[in-house]
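Trainee: Numbering (numbering that gives the first Met the number 0) for the sequence shown: 0 to 414. The structure follows.
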Amino acid sequence: MTHDIIVLGAGMVGVGCALHLQARGQSVALLDRRAPGLETSYGNAGIIQREAIAPYALPRDLGFLLTGASNRRVDVRYHAKDAARMLGPLWAYYRNSAPRPYAEISRQYETLIARSLETHTQLMRDAGAEALVAGQGYLMLYRSERELHSFFKEADERAGSGVNHIKLSGADVAREEPALLGTFAGAVRWTDPVAIRSPGDLVQAYAKLFEQRGGAVHLGDAMALHRTDDGGWQVGTADGQTLCAPQVVVALGPWSMQLTSRFGYTAPVIPKRGYHMHYTPLPDRPLNSTVIDAEYGYVVAPMKDGLRLTTGAELAYVDAPRTPNQIEAAERIARQSFPLGARVESEPWMGTRPCMPDMKPVFGPVPAVPGMWCAFGHGHQGFTLGPITGELLAAMVTGATPRVDVRPFSPDRFG
Ligand SMILES: Cc1cc2nc3c(=O)[nH]c(=O)nc-3n(C[C@H](O)[C@H](O)[C@H](O)COP(=O)(O)OP(=O)(O)OC[C@H]3O[C@@H](n4cnc5c(N)ncnc54)[C@H](O)[C@@H]3O)c2cc1C
Numbered sequence: 000m001t002h003d004i005i006v007l008g009a010g011m012v013g014v015g016c017a018l019h020l021q022a023r024g025q026s027v028a029l030l031d032r033r034a035p036g037l038e039t040s041y042g043n044a045g046i047i048q049r050e051a052i053a054p055y056a057l058p059r060d061l062g063f064l065l066t067g068a069s070n071r072r073v074d075v076r077y078h079a080k081d082a083a084r085m086l087g088p089l090w091a092y093y094r095n096s097a098p099r100p101y102a103e104i105s106r107q108y109e110t111l112i113a114r115s116l117e118t119h120t121q122l123m124r125d126a127g128a129e130a131l132v133a134g135q136g137y138l139m140l141y142r143s144e145r146e147l148h149s150f151f152k153e154a155d156e157r158a159g160s161g162v163n164h165i166k167l168s169g170a171d172v173a174r175e176e177p178a179l180l181g182t183f184a185g186a187v188r189w190t191d192p193v194a195i196r197s198p199g200d201l202v203q204a205y206a207k208l209f210e211q212r213g214g215a216v217h218l219g220d221a222m223a224l225h226r227t228d229d230g231g232w233q234v235g236t237a238d239g240q241t242l243c244a245p246q247v248v249v250a251l252g253p254w255s256m257q258l259t260s261r262f263g264y265t266a267p268v269i270p271k272r273g274y275h276m277h278y279t280p281l282p283d284r285p286l287n288s289t290v291i292d293a294e295y296g297y298v299v300a301p302m303k304d305g306l307r308l309t310t311g312a313e314l315a316y317v318d319a320p321r322t323p324n325q326i327e328a329a330e331r332i333a334r335q336s337f338p339l340g341a342r343v344e345s346e347p348w349m350g351t352r353p354c355m356p357d358m359k360p361v362f363g364p365v366p367a368v369p370g371m372w373c374a375f376g377h378g379h380q381g382f383t384l385g386p387i388t389g390e391l392l393a394a395m396v397t398g399a400t401p402r403v404d405v406r407p408f409s410p411d412r413f414g
C-alpha cells in the first residue's frame, strides 16, 4: 500500500506526529511492533507538565555528585559499565546544566512546553477522552524548610512565565491530603498541569481518533525498513502487507538510534530508565492528587490500576538487565507516608526516558538521509510534548511555517 508518509513508533510522540500529518492532508501509515501506547508512553507518571518550562538539569552540587557516586540514592542510580560508556554525553549534560547554557536551553524548551497543554486539550476533545483526566494540578512535596523555601523562589520565577501555583504550609498539606502521614514542611501545588488516570489509554484514544479519520495502524518491525529503487521507503507489516512511502518519520523513542544508525545518523541518547508499580488504595485513606516527593524523587499518582509509584532515573541501556532495587528503595520511603496497600503486579514495569545531553528533544529532517524525519529524545516530558512535536514536525514535512522556531531542536546538532 502506498502512502505519503510512514510513521514508525506509536508512542505519544509517533501518534502525535501521525495525527498532525493527517490533519495536513497526508495519507499516513502508523507502524509499531505492539499496539499503540504500550511502552514508555504507558508507564509514565501521567502528568501533562505545563509547569515544566525548564528541562531536568543535572544537579551540579558536590553533595549530589558524592552521594550519587555511592549508587544508593533513591532518585538516581546507575549501572557502572553502562554509565562509563556514557561519560562523554554525561559530561556534555553536566556542562549544559551550568547556569548560562541552562538559561538559554530553558528559554528554547519553554516555547514547546507553553503550547503543550493546548495541543493535548484539543486532541482530548476531538478524541472524546476527557474522562481520562484524573485531576488538575499536582503537589511538589517538601520535607525540609530550606528546600521548600528555595523551591518557593523557583515557583515565583516561573510565575513570570505564566505558570501558576499555590504555596502550601505543612498544615495546608495535611488539610489537602489527610491520607499522608508524617511531618512535611509544605508544598507547591502547580495548578496548570493535568494528571491522566491512564497514560497508555490516552495514547490509544488518540490512535483511535487517527483511525476514525482514515489513518491506518499496523503491527510490524520498524527495523525491516529499507530503501526502494526509486529512493522511497518500504516496510513489511506483521500481516504480510507492504507499506511504501516517499517519506518516513522515526519516532521509536529510546529505540530510535537502532534504526537511524543503519542509515548513518546517530545522536548521543542518555537512557534514563524508570520503574513503576501499582498498589491497591486504602479505602479509608484516599490520595486526592498526584504527589512528587521532591527530596526523594519519586511520584505517587492515583490511577486507573491503583496508586502508581514511579521512580527517578537509572542510567542503564534500554536492554540491560532490570535492577528493581530503586523501586524497592522508593517503596520503603513511600510506605512511611503514602496510603499504599498491597502490590498489584508481581514484577515492576520498566521503561526508558530517551534524554539528550542538551535536554532538548530532537525533531526534523535527518541529515544526509533524504526523505527521513525523526522525533525522539523527549526525556522527562515526552508524554507532555508528543502532540506539539507532531504539530511542528507536520508543518515542516508539508513545507508550512511552524509556529515555533524549530532550529534549536534540529537533528543536525548531532551526528
Ligand atoms: C517513570 C517515568 C515517568 C515519566 N513521567 C512522565 C510524566 O509524568 N510526564 C511526561 O510528559 N513524561 C513522562 N515521562 C517521559 C515520557 O514517558 C517519555 O518521554 C515518552 O513516553 C516518550 O514517548 P515516545 O513516543 O518517544 O516513546 P515510546 O512511548 O517508548 O514509544 C516508542 C514506540 O516505538 C515502538 N518500537 C520500538 N522498537 C520498535 C520496532 N523495532 N518496530 C516497531 N516499533 C518499535 C515501541 O513499541 C513504542 O510504542 C516519564 C518516563 C518514565 C520512564
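Quick reminder that beta carbons are idealized off the backbone N, C-alpha and C, glycines included.
Considering arginine 272, what are the terminal residues of the beta strand (DSSP E) in which it resides?
Mentor: Run containing arginine 272: 269-280, per the beta strand (DSSP E) assignment.
Trainee: I'd like the span of the alpha helix (DSSP H) that includes glycine 385, first residue to last.
Mentor: Start and end: 381-396.
Trainee: Rank Glu294, Thr309, Tyr295 by C-alpha distance to the C-alpha of proline 301 and give the top, closest one.
Mentor: Of the listed residues, the one whose Cα sits closest to proline 301 is Thr309.
Trainee: Between the alpha carbons of glutamate 346 and methionine 276, how many angstroms are there, rounded?
Mentor: Their backbone Cα atoms lie some 8 Å apart in a straight line.
Trainee: Nearest to threonine 279 by CA position, among Gly127, Met256, Lys303, Thr182, is which residue?
Mentor: Out of Gly127, Met256, Lys303, Thr182, Lys303 has the C-alpha closest to the C-alpha of threonine 279.
Trainee: Roughly how far, in whole angstroms, is the beta-carbon of phenylalanine 150 from the beta-carbon of methionine 139, given that I think they are within contact range, below 8 Å?
Mentor: Sure, about 6 Å apart at Cβ, within 8 Å.
Trainee: To the nearest angstrom, how far is it from the Cα of alanine 206 to the Cα of glycine 169?
Mentor: Cα to Cα, the separation comes out at about 42 Å.
Trainee: Leaving out five residues before and five after phenylalanine 337 in sequence, what residues of the same chain have Cβ atoms less than 6 Å from its Cβ?
Mentor: The answer, listed in chain order, is Val299.
Trainee: For leucine 20, does the three-state DSSP call read helix, strand or coil?
Mentor: Helix.
Trainee: Determine the direct distance from the alpha carbon of phenylalanine 63 to that of threonine 383, and round the result to whole angstroms.
Mentor: For threonine 383 and phenylalanine 63, the distance between alpha carbons rounds to 27 Å.
Trainee: By DSSP, does histidine 2 sit in helix, in strand, or in coil?
Mentor: Looking at histidine 2 - three-state DSSP - the assignment turns out to be coil, as it is neither helix nor strand.
Trainee: Does glutamine 48 pass the burial test, meaning 16 or more other C-beta atoms within 10 Å, or should it be called exposed?
Mentor: That one is buried.
Trainee: Can you name, in chain order, every residue of its own chain whose Cβ lies under 7 Å from the Cβ of alanine 178, other than the five neighbours on each side?
Mentor: Hits under 7 Å: Arg284, Pro285, Leu286, Pro338.
Trainee: Taking 8 Å as the cut-off, decide whether the C-beta atoms of methionine 0 and glutamine 240 are in contact.
Mentor: Yes, they are a contact pair.
Trainee: Would you call the segment 20-32 and the segment 214-228 in contact, with 3 or more CB pairs under 8 Å?
Mentor: The segment 20-32 vs the segment 214-228: in contact.
Trainee: Do you know whose CA, among Asp200, Tyr77, Glu103, Tyr297, lies nearest alanine 333's CA?
Mentor: Here the closest residue by C-alpha is Tyr297.
Trainee: Output the distance between the C-alpha atoms of arginine 142 and arginine 196, rounded to the nearest integer angstrom.
Mentor: Each residue's Cα considered, the two are about 26 Å apart.
Trainee: Do valine 403 and methionine 395 have their C-beta atoms within less than 8 Å of each other?
Mentor: No, the pair does not count as a contact, with Cβ atoms beyond the cut-off.
Trainee: Given 8 Å as the limit, is there contact between the segment 250-264 and the segment 342-360, that is, 3 or more CB pairs closer than that?
Mentor: Touching, yes, given that three or more Cβ pairs across the two stretches are closer than 8 Å.
Trainee: Does any residue of chain B have a CB that is nearer than 8 Å to the CB of serine 105?
Mentor: No chain B appears in the structure shown, which is made up of a single protein chain.
Trainee: Going by C-alpha to C-alpha distance, which of Asp292, His2, Pro360 sits closest to aspartate 74?
Mentor: That would be Asp292, whose Cα lies nearest to the Cα of aspartate 74.
Trainee: Should alanine 44 be counted as a contact of ligand 1 given a C-beta to heavy atom distance under 7 Å?
Mentor: Under cutoff, so the answer is yes.
Trainee: Under the assumption that leucine 167 contacts arginine 188 (Cβ atoms under 8 Å), give the Cβ distance between them as a whole number of angstroms.
Mentor: Yes, leucine 167 and arginine 188 are in contact; Cβ-Cβ is about 6 Å, under 8 Å.
Trainee: Is any heavy atom in ligand 1 found nearer than 7 Å to the beta carbon of glutamate 38?
Mentor: Yes; taking the cut-off as 7 Å, the Cβ of glutamate 38 has a heavy atom of ligand 1 nearer than that.
Trainee: Excluding the 5 residues flanking glutamine 380 on each side, which residues of the same chain have their C-beta closer than 6 Å to its C-beta?
Mentor: So the qualifying residues of the chain are Gln48, Ala51.
Trainee: So the candidates are Thr397, Leu281, Gly273; which of them puts its Cα closest to the Cα of aspartate 318?
Mentor: The shortest C-alpha separation from aspartate 318 is found at Gly273.
Trainee: Is glutamine 380 near ligand 1, going by C-beta to nearest heavy atom under 7 Å?
Mentor: The answer is yes for glutamine 380.
Trainee: What residue range is occupied by the uninterrupted beta strand (DSSP E) comprising lysine 80?
Mentor: Here lysine 80 belongs to no beta strand (DSSP E); instead the alpha helix (DSSP H) covers 79-84.
Trainee: Helix, strand or coil, according to DSSP, for aspartate 155 in the structure here?
Mentor: Looking at aspartate 155 - three-state DSSP - the assignment turns out to be helix.
Trainee: Could you check the C-alpha separation between alanine 34 and leucine 392 for me, to the nearest Å?
Mentor: Roughly 23 Å between the two C-alpha positions.
Trainee: Locate the beta strand (DSSP E) running through leucine 218, then write down its first and last residues.
Mentor: Taken as a continuous stretch (DSSP letters only), the beta strand (DSSP E) holding leucine 218 covers 215-218.
Trainee: Going by alpha carbons, who is nearest to isoleucine 165 out of Thr289, Arg174, Ala154, Gly159?
Mentor: Closest by alpha carbon: Ala154.
Trainee: Beta-carbon within less than 7 Å of threonine 118's beta-carbon, same chain only, minus the 5 sequence neighbours each way: which residues are those?
Mentor: Answer for threonine 118: Pro386, Ile387, Glu390, listed in chain order.
Trainee: Give me the Cα-Cα distance between arginine 412 and alanine 91, rounded to the nearest whole angstrom.
Mentor: The alpha-carbon atoms of arginine 412 and alanine 91 are separated by roughly 13 Å.
Trainee: Helix or strand or just coil, what does DSSP make of valine 73?
Mentor: Reduced to three states, the DSSP call for valine 73 is coil.
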